[in-house]
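Notes follow the structure.
What follows is the structure, given as structure tokens:
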């Protein structure tokens with residue numbers, strides 16, 4: 001039996017007992033419940049008190065939640081005086097007692113509170129939800145970042161990669177999980193169950209990370225198509241009836257064409273880099289005949305960057321002759337007009353390559369998807385013309401897509417060069433054409 | 001597929017790649033592997049580096065391990081100067097930046113190291129093993145308690161009750177789990193599989209806590225017998241063929257007769273209080289006709305205490321007349337001699353009640369088992385003569401056993417009075433007889 | 001590992017070996033494959049030969065299949081001469097040898113052929129499919145019923161109730177099973193996944209029988225709603241958002257509102273009677289507070305019967321005064337017109353009660369649904385006006401529905417009286433009103 | 001939920017109802033229960049009546065059981081007169097009706113009875129048990145073979161290979177299954193759990209067939225050792241600590257060293273031939289580097305045959321000179337005496353080869369193990385001196401063992417030649433040495 005179910009009945013039973021003794025329980029504030037939970041009463045019937053906090057939090061409206069977060073900030077922060085005293089003692093003696101006392105003084109009581117909330121049924125879920133709210137509030141209340149420091153510290157520790165399980169998602173997975181794929185797919189929209197069934201069809205794979213405390217809730221998932229040769233276009237990947245549907249043992253390439261995070265409350269607690277590499281290994285093990293592992297990725301920042309560069313008279317990237325050509329994009333149907341399309345193609349592809357390779361924020365690439373895969377140790381392999389003619393694809397990158405290639409034996413070297421020196425790994429072909437632009 | 005298996009192949013593959021690039025890898029020291037794991041290299045192929053640490057640690061001998069722990073103490077501790085500086089800045093500004101900087105300065109790099117080790121296959125297992133070693137070393141090297149502060153802090157967070165799963169253990173459980181029950185049973189010795197099968201027989205239950213990262217490894221387990229009326233003796237509990245084997249729906253009482261911790265490396269990270277209460281709730285749910293939940297527990301400290309009191313001429317507990325009677329215990333076979341047995345019974349039972357109720361360490365009872373159950377909110381119900389005539393039972397408590405009774409509706413009240421004021425809850429009968437002694 | 005997967009690889013491997021030795025294998029006819037399978041070659045690599053039959057059958061077109069069934073009829077029937085000889089020997093000696101010889105002579109080689117086909121991967125599935133084809137052919141080729149005698153005999157034995165597993169279907173069941181519910185629902189149409197999710201929502205249950213050899217294929221399923229009091233109308237049952245959604249422990253009645261068979265190839269191999277009674281028992285066990293178990297069922301034959309009676313000038317059921325009232329039904333929107341509706345209600349309800357109670361085919365009721373539930377031992381409880389205003393409901397029974405009530409303690413008695421003497425059990429109220437018509 | 005559990009509660013509930021109506025139920029005879037079960041009452045509450053039969057049968061003593069079997073023989077056999085009539089009608093008309101009528105007349109009511117018993121909880125188990133009893137009675141009551149004709153016919157159909165599941169048995173399998181391996185191991189005795197753990201250790205495999213209706217009950221299992229080169233001796237196989245424990249990917253040969261049937265009541269319903277071939281395929285799939293699949297088998301009939309030949313003065317196999325040598329075997333410790341051992345070795349090995357190849361019963365080999373593996377299509381590969389020095393090995397075959405080799409591509413050819421013409425396949429080496437004797 002899963003503990004959660006049991007916790008439920010334990011906590012329910014506990015709550016009944018509490019209610020009998022204290023008729024005013026349901027009226028108590030979230031703040032009172034927290035105080036009870038942290039007191040030694042909490043040790044005896046911890047999950048009942050924790051459940052009271054969970055229920056009270058979930059009932060709160062926006063205003064009450066914000067008030068609650070400020071309460072956490074004001075009443076559950078470490079005491080500066082005490083911290084300085086303990087810091088001095090630590091410097092003086094440097095022994096176990098001083099070390100423990102310093103740490104106890106610095107660790108905010110919020111962390112213990114969060115750990116105790118986690119004992120309630122759905123505790124972890126509530127904390128992830130709570131962080132989702134918190135991140136929203138932080139935009140206008142930046143001082144709440146202090147609370148997120150504690151909460152995200154805890155979640156990073158709990159969602160440590162060693163605690164995640166990788167699971168394959170298939171058409172015979174539980175519907176309650178599958179409906180979440182439809183909901184969370186963030187790259188190539190799914191209109192419903194029929195779309196989903198196609199993405200789990202022949203020569204298709206889907207993998208997700210799960211955490212034991214969020215059963216039935218994928219954290220992140222990746223969709224994969226097994227094909228022959230590097231894919232250059234999205235439609236045949238998301239609809240297998242469009243491709244020549246060869247038999248699995250004739251495929252040689254795994255294309256990662258969509259990666260979606262599912263939990264807004266886990267933003268910034270990165271799983272993506274682990275996920276891709278583990279799926280590569282898993283596919284290699286299961287299908288040893290696969291030799292290439294690559295993404296087919298969007299270039300979300302290209303057109304925005306291009307428009308900024310066009311406005312910039314001194315752009316180092318745009319030649320004068322390009323500007324006329326680019327003006328053809330004003331025609332709404334430019335990509336359906338073969339003549340225009342052929343005229344803009346070399347200019348757009350040249351600029352897009354420059355964008356991927358030269359456009360930087362600090363020493364790293366502007367483009368967030370590029371930053372992600374290059375940071376993982378992949379290389380830029382190839383730019384593809386008209387790989388995604390959906391409205392979104394045209395808006396972001398004039399329909400272009402790029403392959404990032406995962407060569408496992410180079411991943412570590414690429415990663416180090418990228419992180420330390422901003423070096424961008426590319427295929428020979430990409431490099432050659434880039435120089436010739 | 002469980003992540004561990006996959007991590008294994010991922011990490012193996014990573015290690016192969018690393019080995020090819022760096023022929024000296026296998027010779028590198030544990031210390032070097034740790035440095036690599038904490039560097040940014042670790043981010044690309046984290047689990048490969050983590051695995052190198054795990055392998056190197058497991059190969060180490062006692063001397064190398066001790067050296068390693070001192071290395072952790074010296075090279076991975078927070079910098080006192082920096083801590084003081086950050087503490088002052090925090091006091092001055094009290095904003096997010098200062099808060100984060102203070103915490104970063106105080107959190108020892110060991111914690112990050114341990115979290116990264118946890119990414120390796122068997123990472124959690126290795127950390128539990130490492131703590132087991134550490135606790136051993138601490139006896140002669142108390143300064144290493146500083147490291148245990150960090151490690152136990154992390155393990156407490158990871159083994160948070162919200163992450164544990166309660167599972168029933170039955171005769172159709174995997175042998176690989178069952179053999180651990182035989183190994184870890186700490187209260188009433190099992191000689192092998194036949195004994196185990198009896199303890200999982202008719203009207204018997206066994207429950208254990210598991211953690212998702214230690215598959216197949218019980219953390220703690222409790223053995224339960226369903227009987228009619230409060231049990232007063234061990235043999236019929238551990239061998240159902242000895243009791244009148246009534247049908248399950250005629251039972252009214254669940255007796256918790258054995259609780260064993262399994263992981264030395266998790267010492268002090270308490271699960272027992274959760275376990276008993278949850279099993280009570282679970283049994284109530286499954287078998288609503290059960291009305292009593294009680295232990296039949298050893299009294300491990302009684303005879304040691306008694307012998308100290310006997311040596312103490314001024315003992316407030318022992319009457320002069322008792323001393324003669326107690327000398328009869330010098331006869332090795334006293335408990336088989338009905339005459340002696342009857343003579344010592346009232347004296348021993350009287351003294352044992354005093355021991356349980358009056359003998360204190362601080363404001364809490366001397367006896368560790370009493371401390372545990374009373375701290376959980378149970379009450380002392382009844383003392384039982386000759387409940388355990390095994391060598392161990394005679395040595396610890398002259399064969400006496402005690403029932404601690406779990407009345408869920410009183411657990412919280414009892415717990416609070418016990419923790420705050422040292423009040424010991426008892427049955428009316430126990431109290432009455434105690435006063436009359 | 002499930003045998004089917006393995007059988008697949010075994011049979012594939014076997015087929016490869018066979019193909020190497022016999023290049024003409026793929027061209028061989030279904031008839032040749034059957035002959036091989038029955039020969040002693042089949043014993044060595046049985047599943048390979050069986051697989052050849054399965055593949056060849058699935059490739060066949062209608063004409064080839066029909067030819068194949070005639071081949072089974074002509075070449076695999078028992079030899080009449082031999083049967084007579086063995087019958088005489090059996091009469092003469094009546095010993096084991098004669099008994100075995102008689103049976104061997106009478107059992108058609110088709111049965112052995114079918115049993116061997118069953119060894120192939122998907123063998124059972126193929127045989128069910130084959131019977132589905134066969135039943136279709138029988139309409140125009142009644143002599144093929146001889147083959148169905150053998151095939152259905154075998155399937156009845158294999159789908160013996162002792163081999164079926166009852167499983168609850170929930171929203172977290174595999175999508176591959178759920179999509180079959182949408183497909184096979186035969187009583188109250190589901191338009192897709194949203195409908196299905198409602199039917200598996202709060203206070204709803206769904207159970208199906210499965211057979212180990214048809215994994216993922218429900219044989220029959222029943223949809224249940226937990227409500228307070230006997231339900232009289234379909235819409236709130238198939239859409240829980242329409243009912244007052246009380247908490248589960250406030251419900252007292254389980255309504256079986258839809259039962260659908262899934263496998264056309266298993267027609268006539270009845271599971272429905274087992275299913276309902278077992279679900280009643282299962283619900284009683286899980287939810288002891290339920291006290292009533294009833295269907296809310298269509299009356300598929302009522303309007304057809306009524307129209308026949310109307311055409312019959314001498315109908316013993318229709319009074320002259322009724323005929324005028326009934327003519328109001330000519331108005332397409334009669335049921336939306338309150339005046340008409342109220343006028344026809346007493347007449348239609350009276351006639352429908354007579355239909356259910358008096359209209360017979362032989363000694364059993366005309367109505368197939370009545371025959372099914374009364375044959376299971378249920379009683380007619382209540383007739384409900386306007387319980388199903390769907391097009392189908394109006395067409396069949398002018399929107400009326402009937403409750404059949406399962407009183408487990410009366411089921412056997414009712415069943416016997418019904419089967420032996422055609423006695424129809426009813427509630428007192430139904431009986432009373434019936435007499436007063 | 002498994003049907004069996006549910007059937008239990010259904011049948012229990014049914015039985016309660018029956019008991020209330022008919023107080024004499026528990027006193028009724030097995031024969032009465034059978035009559036009820038076959039009547040139409042059985043259709044309403046079938047499992048309750050079936051359960052009554054099961055309970056009554058299990059309570060019966062030997063005498064009552066024998067009486068019951070004679071009752072089945074006398075009261076449930078087909079009517080010879082009717083059979084002849086139907087046979088004549090079938091010959092005359094040859095249509096569906098005549099066919100069905102013939103079959104109905106010939107099929108004994110016992111078959112329906114057995115099928116209905118199968119609906120009870122543990123029905124299949126009871127029928128297997130019943131056949132176990134029946135086979136015992138047949139020895140002295142050969143006329144009961146008639147009943148076994150029906151029962152084994154049914155069991156063969158139900159235990160059709162298509163319904164079996166192959167499962168790997170490992171140390172983490174349920175103890176309730178593992179204890180049955182200890183109990184049923186019939187070739188190389190296991191003394192208990194320690195022995196079993198070794199046989200499931202490194203480079204060891206174990207596979208069993210299960211049937212869905214006998215959960216937790218292996219039907220047959222095979223133990224496999226993965227080694228390098230053909231094994232010639234048992235001890236290193238049953239105790240992996242004795243072999244050089246190479247890493248799995250260095251092994252090239254799977255040795256099947258023990259095959260045991262588990263269910264006496266399924267005697268003669270052969271699974272062994274399927275089992276070995278499927279395990280070969282499964283191992284090939286999982287471990288593609290394995291190239292040899294062979295048994296290391298006992299030769300149970302050799303010494304018995306040899307002693308008969310020695311008594312036969314005209315033996316065509318034993319030379320005069322051999323007789324003297326063979327007399328050395330009179331020394332109880334002959335195999336420990338190197339001199340004797342070397343003297344008898346060539347003679348015994350020569351004779352044993354002749355035994356395996358020439359000693360026949362009909363056209364097939366005398367030796368039952370040879371008959372089994374050669375019938376499966378294996379070949380005799382090699383005879384091994386002193387492969388099994390256990391008491392049993394010495395008694396059966398003077399410690400010799402033989403390897404039967406499974407070359408999947410030859411299995412079908414070998415099988416056909418063996419079954420049709422008694423041709424025994426051997427390795428070239430075996431053949432060559434055989435001729436040279």
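Chains as they are written, first to last, in the UniProt record's numbering: chain A, 1 to 437; chain B, 1 to 437; chain C, 1 to 437; chain D, 1 to 437. Glycine included, C-beta positions come from ideal geometry on N, C-alpha and C.
Within 8 Å of any Cβ in chain B, is that where the Cβ of residue i sits?
i: residue 174 of chain D; result: yes
i: residue 32 of chain A; result: no
i: residue 94 of chain A; result: yes
Return no unless some Cβ of chain A is closer than 8 Å to the Cβ of residue i.
i: residue 330 of chain C; result: no
i: residue 106 of chain B; result: yes
i: residue 178 of chain C; result: yes
i: residue 386 of chain B; result: no
i: residue 70 of chain B; result: no
Beta-carbon within less than 6 Å of residue i's beta-carbon, same chain only, minus the 5 sequence neighbours each way: which residues are those?
i: residue 92 of chain D; result: none
Can you check whether the C-beta of residue i is within less than 8 Å of a C-beta belonging to chain C?
i: residue 127 of chain A; result: no
Would you please verify whether the beta carbon of residue i is less than 8 Å from any beta carbon of chain D?
i: residue 102 of chain C; result: yes
i: residue 272 of chain C; result: no
i: residue 112 of chain C; result: no
Identify the residues that DSSP records as bridge partners of residue i: which are they?
i: residue 220 of chain C; result: C:209, C:261
i: residue 253 of chain C; result: C:227, C:292
i: residue 384 of chain D; result: D:401
Leaving aside the five residues before and after residue i along the sequence, list all residues of the same chain whose C-beta is less than 7 Å from its C-beta, in chain order.
i: residue 396 of chain D; result: 298, 299, 300, 302, 303
Between which residues of its own chain and residue i is the CB-CB distance below 8 Å, once the five residues before and five after are set aside?
i: residue 206 of chain C; result: 168, 169, 170, 181, 199, 200, 221, 222, 223, 224
i: residue 418 of chain B; result: 364, 374, 375, 377, 424, 425
i: residue 68 of chain B; result: 30, 31, 57, 60
i: residue 456 of chain D; result: There is simply no residue 456 of chain D to check, as chain D begins at 1 and stops at 437 in what is shown.
Within 7 Å: the Cβ of residue i and any heavy atom of the ligand NAD?
i: residue 71 of chain D; result: Among the components of this structure there are no ligands whatsoever, and the ligand NAD is therefore not found.
Quiz item: For the segment 73-83 of chain A against the segment 103-112 of chain A, are there 3 or more C-beta pairs whose distance is under 8 Å?
Solution: yes
Exercise. Give a yes or no on contact between the segment 116-136 of chain D and the segment 167-176 of chain C, applying the rule of three or more CB pairs nearer than 8 Å.
Key: no
Quiz item: Can you list, in chain order, the residues of the segment 212-234 of chain A whose Cβ is nearer than 7 Å to any Cβ on chain B?
Solution: 212, 213
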